[in-house]
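Reviewing the structure listed below.
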Amino acid sequence: MDFEEANAKLVSHEFLAVVLAGFGNELTPLTSDHGDEPCPKALLPVANRPMIDFPLTWLEQSGITEVLLICPTAHRPSISHHIHSDTSSSSYPSLHVDVQTYDESPDQPIGTCAVLKHFSNRIQRDFVLLPCDFVPPEDLSLTTMLNKYRIESNLGGAIVTSCWLKTRVSDVGGIPDEWNPTRTSVPIIWDKKSGTLLHVDTPDDRDRNADELEIRMSLLSRYPIASLSSQYTDSHVYVCKRSVLDVLHQKSTFDSFREEFLPWLCKIQYQKTKQEKYGRVLRSTGAKATHDLALRHSTLFSGSIRAQDPSSRDSNSPSLKPIPFSVPSSPAHPEIGDEPLESLRIGLVIHDTGFAGRVNNVATLFEVNRQFLSRVNYALPTDPENRVLIDAKSQISFDSMVGTSTKIGERTTIKRSVIGRHCVIGKTARVIGCVLLDHCVVGDG
């Protein structure tokens with residue numbers, strides 16, 4: 001018997017990836033139906049690749065092979081055709097993608113929590129939850145998150161590992177305001193020493209008190225040295241223990257995973273009543289054998305690693321920046337004092353470098369395409385079929401992209417632009433700093 005092969009199979013089946021592909025209401029009119037034909041958000045091109053290819057390739061590079069892709073019913077034919085096409089098969093050959101649908105309309109979108117509840121019977125192991133529009137940074141491997149989760153779930157009782165990215169202000173001008181909706185910064189509190197997410201501010205928190213952060217004393221007692229920042233954005237990528245779905249079924253009013261469920265899970269770490277009520281369910285260890293095997297394969301594991309008590313802190317750790325705290329009394333909700341409890345932690349990976357983000361509105365679609373131009377060095381196509389479509393007198397700068405089967409007319413100038421597939425650019429046209437999707441037509445001059 002080949003034990004190495006058996007172990008590799010166990011590791012590859014350790015996690016199920018759950019990819020959510022919604023309508024993309026903030027990308028309209030690009031995602032509006034074209035006649036009777038739907039235009040799935042998941043297939044919108046980013047750097048002349050369908051955006052769904054970026055998270056799927058990222059998953060495959062981590063060793064995950066099983067993917068549950070959930071999309072609206074109307075989008076299934078188009079997405080399935082792409083997933084099972086020859087092009088996709090060569091891009092991520094080891095993935096097995098199960099495309100499932102749910103009934104939803106653009107006018108009445110369904111929240112992530114409702115989708116997870118509906119498909120929980122198909123999620124029978126620990127899972128990675130991520131959106132179809134996530135473009136990962138080049139210098140962050142999903143394996144980093146998986147290894148952190150593997151170690152902390154076995155040694156520290158972690159139930160979720162999340163990833164937050166440095167918020168970057170776009171310097172792109174000329175974007176209409178309606179294309180670039182204002183994003184409210186989300187303050188988070190975390191413990192640097194243990195890499196634990198402690199608090200995520202919610203819309204309800206801001207409605208109650210827009211001027212101050214209300215933090216429970218139990219959090220500060222358990223984590224006296226913490227960090228606060230509103231300079232990070234949630235990537236919406238989560239590595240989750242299967243048992244969180246069992247708890248989610250008990251929270252019937254939750255709709256948003258990020259704005260409601262994740263902040264609520266953070267509170268379990270330091271609120272005694274919540275631990276007593278939900279701890280037994282969250283501590284379920286149905287897949288422990290697989291986790292132990294994966295932990296031995298983890299590049300971060302060593303025999304010297306031990307679970308850290310968050311109450312023991314290095315006096316040289318960075319201190320919390322001064323902030324206005326309002327600590328509400330809550331006698332009806334007893335909380336954790338000095339007694340040690342199993343953590344049920346929310347692990348945190350903060351990534352400060354490289355470009356990454358979600359392509360979830362027109363402004364970010366433009367910005368992400370622009371970022372890819374800094375990585376390319378355009379050269380004329382070598383195959384005769386595409387080379388003949390580009391006029392010899394046209395000028396295309398090296399920091400541009402031109403898709404296949406695109407025709408470019410005489411004396412046309414293209415600079416710092418992404419041109420999609422099957423486009424027609426007329427004579428003497430000037431395309432500068434633009435993003436053209438597939439099948440666009442630009443007239444002469």
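Just so you know, we're using full-length UniProt numbering here: the sequence shown kicks off at 1 and counts up by one.
All C-beta atoms, glycine included, are put in the ideal place defined by N, C-alpha and C.
Would you say the beta carbon of residue i is closer than 7 Å to some non-hydrogen atom of the ligand ATP?
{"i": "K192", "result": "The ligand ATP is not part of this structure, which contains no ligands at all."}
Can you give me the C-alpha to C-alpha distance between residue i and residue j, rounded to a whole angstrom?
{"i": "E212", "j": "R375", "result": "42 Å"}
{"i": "K117", "j": "L282", "result": "16 Å"}
{"i": "I425", "j": "Q395", "result": "12 Å"}
{"i": "I350", "j": "G357", "result": "13 Å"}
{"i": "C423", "j": "S417", "result": "13 Å"}
{"i": "D201", "j": "S185", "result": "9 Å"}
{"i": "E339", "j": "E276", "result": "Caution applies to E339, whose pLDDT of 40 falls short of 50 and renders its modelled position unreliable; the value that the coordinates give is listed next. C-alpha separation (whole angstroms): 14 Å."}
{"i": "residue 459", "j": "I414", "result": "Residue 459 lies beyond the range of the chain shown here (1 to 445); nothing can be said about it."}
{"i": "V441", "j": "V402", "result": "14 Å"}
{"i": "R216", "j": "S235", "result": "26 Å"}
{"i": "G22", "j": "L68", "result": "14 Å"}
{"i": "P55", "j": "I390", "result": "32 Å"}
{"i": "V11", "j": "S218", "result": "For V11, the predicted structure reports a pLDDT of 49, less than 50, and the residue's modelled location is therefore unreliable. A value from the coordinates is still provided. Distance between the alpha carbons of V11 and S218: 38 Å."}
{"i": "E419", "j": "V435", "result": "Checking the sequence shown, residue 419 turns out to be Ile, not Glu. Spanning the two alpha carbons is a distance of roughly 6 Å."}
{"i": "T404", "j": "R421", "result": "5 Å"}
{"i": "L15", "j": "T112", "result": "Note on identity: in this sequence residue 15 is Phe, with Leu being the wrong assignment. Near 19 Å, if we compare the C-alpha coordinates of T112 and F15."}
{"i": "L44", "j": "I151", "result": "37 Å"}
{"i": "V431", "j": "G445", "result": "10 Å"}
{"i": "L348", "j": "V239", "result": "10 Å"}
{"i": "H81", "j": "T273", "result": "49 Å"}
{"i": "P136", "j": "I346", "result": "21 Å"}
{"i": "residue 467", "j": "I83", "result": "With the chain covering 1 to 445 only, the question about residue 467 has no answer from this structure."}
Starting from residue i and walking both ways along the alpha helix (DSSP H), at which residues does that stretch end?
{"i": "H366", "result": "The sequence shown places Phe at residue 366, not His. Unbroken alpha helix (DSSP H) run through F366: 362 to 373."}
{"i": "P263", "result": "262 to 267"}
{"i": "K277", "result": "272 to 282"}
{"i": "I189", "result": "Taken as a continuous stretch (DSSP letters only), I189 belongs to no alpha helix (DSSP H), being part of the beta strand (DSSP E) at 188 to 191."}
{"i": "L219", "result": "217 to 222"}
{"i": "S229", "result": "From DSSP, S229 is part of no alpha helix (DSSP H) but of the beta strand (DSSP E) over 227 to 229."}
{"i": "residue 525", "result": "As shown, the chain starts at 1 and ends at 445. That puts residue 525 outside it, with no answer to give."}
Could you give the DSSP three-state label for residue i: helix, strand or coil?
{"i": "residue 447", "result": "Residue 447 lies beyond the range of the chain shown here (1 to 445); nothing can be said about it."}
{"i": "C434", "result": "coil"}
{"i": "E138", "result": "coil"}
{"i": "C71", "result": "strand"}
{"i": "P324", "result": "Since pLDDT at P324 reaches only 44, below the 50 mark, its modelled position is unreliable, and no value is offered."}
{"i": "F54", "result": "helix"}
{"i": "E410", "result": "coil"}
{"i": "Q100", "result": "strand"}
{"i": "Q250", "result": "coil"}
{"i": "H84", "result": "coil"}
{"i": "V376", "result": "coil"}
{"i": "R208", "result": "helix"}
{"i": "L44", "result": "coil"}
{"i": "L389", "result": "coil"}
{"i": "L213", "result": "strand"}
{"i": "Q395", "result": "strand"}
{"i": "S153", "result": "helix"}
{"i": "V442", "result": "strand"}
{"i": "K415", "result": "strand"}
{"i": "K427", "result": "coil"}
{"i": "residue 447", "result": "Nothing in the structure corresponds to residue 447, since the chain is present only between 1 and 445."}
{"i": "S243", "result": "helix"}
{"i": "M1", "result": "Model confidence at M1 stands at a pLDDT of 48, short of 50, so the residue's coordinates are unreliable; what they give is reported in the following sentence. Reduced to three states, the DSSP call for M1 is coil."}
{"i": "R49", "result": "strand"}
{"i": "S62", "result": "coil"}
{"i": "S91", "result": "helix"}
{"i": "S400", "result": "coil"}
Residue i and residue j look like a contact to me (Cβ under 8 Å); what is the Cβ gap, rounded to whole Å?
{"i": "I64", "j": "V128", "result": "7 Å"}
{"i": "T101", "j": "C71", "result": "6 Å"}
{"i": "V163", "j": "V237", "result": "Sequence inspection shows Cys at residue 163; the Val mentioned does not correspond to that position. Right, their Cβ atoms sit about 5 Å apart."}
{"i": "L380", "j": "R387", "result": "6 Å"}
{"i": "T143", "j": "Y232", "result": "Not confirmed; about 21 Å, so no contact."}
{"i": "A278", "j": "V247", "result": "The residue you asked about is not Ala; residue 278 is Tyr in the sequence shown. Indeed, because the Cβ distance is near 5 Å, the residues count as touching under 8 Å."}
{"i": "T353", "j": "D139", "result": "6 Å"}
In the DSSP assignment, find the beta strand (DSSP E) that holds residue i and state where it starts and stops.
{"i": "G347", "result": "346 to 351"}
{"i": "H236", "result": "232 to 240"}
{"i": "L198", "result": "196 to 200"}
{"i": "V131", "result": "Residue 131 is actually Pro in this sequence, not Val. P131 -> beta strand (DSSP E) spans 127 to 131."}
{"i": "S162", "result": "160 to 166"}
{"i": "L20", "result": "16 to 20"}
Within the 8 Å Cβ cut-off, does residue i reach chain D?
{"i": "A17", "result": "Of the chains in the structure shown, none is chain D; there is only one protein chain."}
Count the C-beta pairs between the region 47 to 63 and the region 90 to 109 that are closer than 8 Å, then say yes if the count reaches three, no if not. Touching, yes, given that three or more Cβ pairs across the two stretches are closer than 8 Å.
Determine, using beta-carbon pairs with one atom in the region 136 to 148 and one in the region 361 to 370, whether at least three such pairs fall under 8 Å. The region 136 to 148, when compared against the region 361 to 370, does not touch it at the 8 Å Cβ threshold.
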